[in-house]
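Engineer:
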Amino acid sequence: MNTLDVPADKPIGYWLKHLDRLVERRFEQALAGQGLVRRHWQVLATTKRAVAQGPAVNRQVVVDALVPFWGEGAVTVEEVLVDLVRRGWIAQDADGLYSLTPTGGAAHAAVAAEVDTVRALLCEGVSEEEYAQTIRILARMAHNLAGPAVPSIRS
Numbered sequence: 338m339n340t341l342d343v344p345a346d347k348p349i350g351y352w353l354k355h356l357d358r359l360v361e362r363r364f365e366q367a368l369a370g371q372g373l374v375r376r377h378w379q380v381l382a383t384t385k386r387a388v389a390q391g392p393a394v395n396r397q398v399v400v401d402a403l404v405p406f407w408g409e410g411a412v413t414v415e416e417v418l419v420d421l422v423r424r425g426w427i428a429q430d431a432d433g434l435y436s437l438t439p440t441g442g443a444a445h446a447a448v449a450a451e452v453d454t455v456r457a458l459l460c461e462g463v464s465e466e467e468y469a470q471t472i473r474i475l476a477r478m479a480h481n482l483a484g485p486a487v488p489s490i491r492s
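Rendered as structure tokens:
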């Protein structure tokens, strides 16, 4: 395992934003060769997971699953869905429901391999327990801040 000399003067907000930018950049680099952005992967993976529960999924299920990941200025869900339909990776039926096509299944497998490579790099030198502990700590911190707003001391 690698031991890093981590500067103690950097707060958690620095590391969260820095890591987020690095994750975005690595995904961008990994997927650019296929003319994709990370949002394509997220829609494709979400659609695949959702249709595992049934034959097709509506747009709102995809949107709801991706809300936490979709930032300002990002390509829209609609733009990604239109592009994935154009590529023949997902199909939209007469009721507006989406399903993964056989071509989309093959594309998902190819893109998943790229995503797995980025994830492996991200977690290099991090044990499964360290990863799980990090997720638990971050989830607890998010829960702490998601509670009722703390009143301002300025009145």
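Residues in the sequence shown are numbered consecutively from 338, following this note's numbering.
C-beta atoms are modelled at their ideal positions from N, C-alpha and C, and glycine is treated no differently.
So, for Leu331: in the same chain, excluding its five sequence neighbours on each side, which residues have a beta-carbon less than 6 angstroms away from its beta-carbon?
Structural biologist: In the structure as shown, the chain begins at 338 and stops at 492. Residue 331 is therefore absent and cannot be evaluated.
Engineer: For Met338, which residues of its own chain have a beta-carbon under 6 angstroms away from its beta-carbon, when the five flanking residues on both sides are left out?
Structural biologist: With a pLDDT of 41 at Met338, under the threshold of 50, the modelled position of that residue is not reliable, and the figure given next carries that caveat. Hits under 6 angstroms: Gly462.
Engineer: Going by Cα to Cα distance, which pick from Lys347, Leu403, Gly350 and Gly484 is closest to Trp378?
Structural biologist: Leu403
Engineer: Got a sec? Which residues, its chain only, sit under 7 angstroms from Glu415 by beta carbon, not counting five neighbours each side?
Structural biologist: none
Engineer: Closest to Thr383 by C-alpha separation, out of Gly370, Gly425 and Val399, would be which residue?
Structural biologist: Nearest option by C-alpha distance: Val399.
Engineer: Quick one: measure Cβ to Cβ for Glu365 and Arg375, integer angstroms, because I've assumed they're closer than 8 angstroms.
Structural biologist: 7 angstroms
Engineer: Are the stretch 437 to 446 and the stretch 407 to 427 in contact at 8 angstroms, needing three or more beta carbon pairs?
Structural biologist: yes
Engineer: Could you check where the alpha helix (DSSP H) with Leu381 kicks off and where it finishes?
Structural biologist: Arg375 to Val388
Engineer: Taking the alpha carbon of Arg456 as the point to measure from, which residue in Leu381, Thr438, Leu356 and Trp352 has its own alpha carbon closest?
Structural biologist: Ranking Leu381, Thr438, Leu356 and Trp352 by Cα distance to Arg456 puts Leu356 first.
Engineer: Apply the 10 Å Cβ neighbour rule to Leu421 and answer buried if 16 or more other Cβ atoms are within range, or exposed otherwise.
Structural biologist: buried
Engineer: So, for Val417: in the same chain, excluding its five sequence neighbours on each side, which residues have a beta-carbon less than 6 angstroms away from its beta-carbon?
Structural biologist: Arg376, His377 and Val380
Engineer: If you follow the beta strand (DSSP E) that Gln371 is in, where does it begin and where does it stop?
Structural biologist: Run containing Gln371: none; DSSP gives neither H nor E here.
Engineer: Between which two residues does the beta strand (DSSP E) containing Phe437 stretch?
Structural biologist: The displayed chain sequence assigns Leu, not Phe, to residue 437. Note, Leu437: beta strand (DSSP E), Tyr435 to Leu437.
Engineer: Enumerate in chain order the residues of its own chain whose CB-to-CB distance from Ser492 is below 7 angstroms, with the five nearest sequence positions on each side excluded.
Structural biologist: For Ser492, the pLDDT reaches just 44, beneath the cut-off of 50, and the residue's location in the model is therefore unreliable, although a value from the coordinates is still provided. Here the set comprises nothing.
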